[in-house]
Every structure is written in structure tokens, then in C-alpha cells.
DNA sequence: CGGTTGTTTGACACGCGTCAAGCTTCGTGG
DNA sequence: CCACGAAGCTTGACGCGTGTCAAACAACCG
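Protein chains in written order, with UniProt numbering: chain C, 1 to 235; chain G, 1 to 235.
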């Protein structure tokens, strides 16, 4: 199982994992359970729509996509998740997960049994507050995605997408300007409400315009200001 | 302030309001605070983007729209809320509300100070569980809206919108087939990621097809099965 | 090495946005 | 209570941005 990895520094569940044991009235078994790990191979599901809800997860290594299903079989990617980000909150509402979460590469997560979290939440005020913020933050993120899908052009969406990824890498002390797109063009398109051809064409054009450099899944941002203009004014 | 109104029956915050006083270790002042009301006139804001976060709300009477703002000034309606539905959760993440919430008609809400709710949540397990579910349910709702914006055609969006409103009215013991659209065509369009003209045209066509009957803001659903087909298969 | 999956690019089509005009409803003040 | 202006709705004509279809290439994997 091993000790806390370096990725814990920026983990969204850190305040929970890192809770001071002295604050706990009940048990020390907490630690073992909270720190369970699970590995998920590329293409496999961490959980699927309809599975009984038991755990929250934090991405330790790798990356995931969240896929939401429509009654008639259509599906859409509704989120990408990298190290430190939390997964599984959509299961709280109905005791069953409301989406599929699939690994984009060989990945691992921290497992956090929800009943334990609830218990902890009642004992430690700081934990409670943090869990609330985590849920609310996810809500704000989704509102922003709705904005993207509802009001932005294809160019604006792709530019905003690249900048979002960039800032999330940066928050994890990786390069903000060069990174690898773990998702396919089709998955990217699904998330952005575009067809894969449109994503491909847009990336190519951005390259011709000197905004970025693309080579398959490798991306390098050359002109942040320019990309930002495209994202916010379509220029 | 008056006793619980009939709308409390289906209120998303009912388990909080209706908490058994005997379960509380601390205080009976709870009741007074939880049951505070506030009236909001048509066009006025319950809260605005950036306001300091203090309360959650439950709609008592009337209806509201939630408007999310983009950095560059663009805005989109990201939700409509009617009696029994909860408002304000987007403020938890950053201690400031992340959207504008505006009354579509003269309306009233139950006010629920969040620090009090946190306190209550630590004392009463049932309340805690319910608050979590409430937040998660909002997340699921937004995921569904993302699906709508990302994968559906104009016809499908409008049909799904009407059916969603219908089921929400029904859940409140109102007619599922006849109701009044409190929002303008422009607001509807903003929410659905369409222009107001497209919304108008689509409603007109649905009427010609015998699916609904429209008269300004009054809508009557004539063919649920047909509408459902349009929403799910575009037929 | 070969088959499968993913990517790029082109040509074309069409759904929805844009622009515009006229009508209806609502709100307010005389 | 009516009058007037503003706001909201409907409908038409037209154009553009994406989607669709197709073909060739590239990368991955067993």
C-alpha cells in the first residue's frame, strides 16, 4: 500500500486523509481504510452506472473520463479527472453511481468508504466543511461546462479546454505549456459537444495560427495570450 | 412568520426543517432561524455572483432562474427552480455565490443559515445524509443538462425541456399536462443553448404536429408519447 | 507484421443563427 | 381607464458554422 505519495500535496481529499488522529474520538482503523488503494487498467471502469454506491475516490496516478448515459443509449463524456481530483460524488444522491468512470491510462485511486467519511464528518468540523466544499466545487465546475456547451463556438471551446487542462497541470506542478492529451479526439469532442473532425480541424488551425504545436496527443501551448483571446472573444 | 405551508410536503429541505427537536443536543432557537422567510419580487435577485455566502434557500412560492456568468461578460441561464427546490449550494465552494439567482415572478423562499445547517448536520445523522444527497442530486441534474447541451438537437432539447417541467409540476401535485412557462423564450433558449427564435419556431411546429398546444406562455401537452419520442429519438 | 483504432483533411449538406419586420402583451403614467 | 412605449413573441429569408460522408494516413497492439 505504501505511504502518501507526492501527489497528496495537491489532493482534493487531503484534508480528510491528513486529519489529525487526536481529533478522532473513536478509532484508529480509520487510517487503514481511508488509505486503501485501487489500480485500474486503461479502458477499465472504476465504477459503472447503476453500481451500488460505497466509496468516494481520489485520483492518485493516471487519468479518467466520466461518461453520462442518456435513457436512449446515447452517451457523453461529462468530465476528465487527473491526480488529486475526486470521483464518485454523483453516487451519493441515489445510493447508486450515476455515470461510468473509465481509466484513460493505467491509473490508481485512493479509496474512501463513504460511511466512514460520514462518520468522520460528524466528528471533525474541518473535514465536514471540506467535504461540502468539494461537492460544491464540482457543481461550479459543471456550471462552467454548461456555459461552454451553451454559449461558446467550436474555437472558443477548444481554446478554453486547452487552457483548463493547462491550469490543472500547473496546479500539480507540471508544465503548463506542454502536456499529453490522454483522451482521444472523439472523447474530447464528446466532452465539448463537437464532432471529432471539428476538434481535429480546430487544433490544426490553431497550429497554423501559431497558437499551439500539436503532434498527435502531444500539445505545446505557444501563445497563452492568443489562446485566451480566442477562448473569451473568439478572436 | 406562520407555520409550514402546504409546499413543505415535497420540499427538498424538509428533512432538515422537520428534524425532531428531541434529537438536538443544543438549542431550540434552531426552529426560528431555519424557518425564516424572504420575499423576492419579480426581476429582483435572491443573491448575486460574488455575494458572501451565508444561506441556503428552498423555494416556497414562485420560481427562479440561475444565471452563470463568463469572465468576458457573456451569461447563460443554468437552471430554473420551483417550489421545494434548493438554491445557493454553489456558494459553499468559495464562500461566495457563483451565480445570480433572480425571481421570475413574485416569489418567496425559506432561509437556512449555512453555519446552522453545518451544526445541525454534525448532530443529526439523518440531516447530514440528506444534505449530502441534496448536493449530489444537484450534480446529477447538471450532468443531465450537459448531456442535453452536448448531444441533443433543437427539437430534442425543447421536447426534453417540456417533459422535465411537466414531471416537476407533477411531483408537486399540479397538472402534468397544463402549465405556464414563467421564463421568456430568450431565457428558455439560453438554458437550452438555443436562440429565442429557434425556441419559438420549435414550439410552433410542435403545435402544428399536434404534440402540444401553445398560447404565449401557456402550454398544454397533448401527446406525451409523441413528445417523448422526439426527446429520445428525434422522431 | 497485419489488423484495429485513432487522426487528418477534403467536399458537401443542412440545422440553427442572424437579420428583419410586424404583431401582441405588459407595465406605467396621464 | 385608456394610451403609449417597451418588452416579448412569431415568422420569413438567407448565410455560416458544424456535422456528415469519405478516403488516406498514422499509431498502436497482439
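Here a beta-carbon is modelled for each residue, glycine too, at the ideal position from N, C-alpha and C.
- Chain-order list of chain G residues neighbouring residue 193(C): 146, 149, 150, 151 and 193, by C-beta distance under 9 angstroms.
- Distance check between residue 16(G) and each of 176(G), 128(G) and 186(G) places 128(G) closest, using alpha-carbon atoms only.
- DSSP places residue 226(G) outside any beta strand (DSSP E); the residue lies instead in the alpha helix (DSSP H), whose first and last residues are 224-233.
- Exclusion of the five residues before and after residue 235(G) leaves 229 as the residues of its chain whose Cβ lies within less than 8 angstroms of its Cβ.
- Apart from the 5 residues on each side of it in sequence, residue 41(C) sits with its Cβ closer than 7 angstroms to the Cβ of 103 and 106 in its chain, given in chain order.
- Residue 184(C) sits in coil when the DSSP states are folded into three classes, being neither helix nor strand.
- Contact annotation: residue 99(G) and residue 66(G) have beta-carbon atoms nearer than 7 angstroms.
- The beta carbon of residue 221(G) does not come within 7 angstroms of any beta carbon belonging to chain C, so the residue lies off that interface.
- Residue state for residue 72(C) is assigned as coil, using DSSP reduced to three classes.
- In the three-state reduction of the DSSP assignment, residue 78(G) falls in the strand class.
- Around residue 54(G), no beta-carbon contact reaches into chain C at under 9 angstroms, the shortest distance being about 14 angstroms.
- Among the CB atoms of chain C, none fall inside 7 angstroms of the CB of residue 160(G).
- Pairing residue 224(G) with residue 137(C), the inter-Cα distance amounts to about 36 angstroms.
- DSSP places residue 38(G) within a strand segment (E or B) once states are collapsed to three.
- Listed in chain order, the beta strand (DSSP E) runs fully inside the UniProt domain "HTH crp-type" (152-225) of chain C are 178-180, 212-215 and 218-221, counting runs of at least 3 residues.
- Look at the segment 87-111 of chain G: the residues with a C-beta under 8 angstroms from a C-beta of chain C are 89, 90, 91, 92, 93, 94, 98 and 99.
- Counting only Cβ-Cβ distances below 8 angstroms, residue 71(C) has contacts in chain G at 232, in chain order.
- Under the three-state reduction of DSSP output, residue 94(G) falls in the coil class, being neither helix nor strand.
- In the structure shown, residue 13(C) falls within a coil segment according to DSSP collapsed to helix, strand and coil.
- Shown here, residue 104(C) sits in coil according to DSSP, grouped into three states, outside any helix or strand.
- The C-alpha of residue 87(C) is placed about 28 angstroms away from the C-alpha of residue 112(G).
- DSSP, reduced to helix, strand and coil, places residue 121(G) within a helical segment of the structure shown.
- Taking 7 angstroms as the threshold, the shortest C-beta distance from residue 10(C) to chain G does not fall below it.
- The beta carbons of residue 145(C) and residue 146(G) sit about 6 angstroms from each other, so the pair counts as a contact at 8 angstroms.
- Residue burial annotation: residue 37(C) is exposed, with fewer than 16 other C-beta atoms found within 10 angstroms of its C-beta.
- DSSP places residue 45(G) in the strand class (E or B) of the three-state scheme.
- For residue 61(C), the enclosing beta strand (DSSP E) covers residues 55-61.
- The three-state reading of DSSP puts residue 143(C) in helix, counting H, G and I together.
- Within the model, the alpha-carbon separation for residue 181(G) versus residue 55(C) is close to 40 angstroms.
- The beta carbon of residue 89(C) is closer than 7 angstroms to those of 56, 135 and 138 in its chain, skipping five residues each way along the sequence.
- Per DSSP, reduced to three states, the secondary structure at residue 86(C) is strand.
- Residues 76, 78 and 99 of the same chain have their beta carbon placed closer than 6 angstroms to that of residue 68(C), with the five preceding and five following residues left out of the count.
- A residue is called buried when at least 16 other Cβ atoms come within 10 angstroms of its Cβ; residue 233(G) does not meet this threshold and is exposed.
- Non-local C-beta neighbours of residue 170(G) in its own chain, meaning closer than 7 angstroms and more than five positions away in sequence, comprise 176, ordered along the chain.
- Of 58(C), 53(C) and 39(C), the smallest CA-CA separation from residue 9(C) is found for 58(C).
- Around residue 140(C), the beta-carbon contacts reaching into chain G at under 8 angstroms are 90, 93, 94 and 98.
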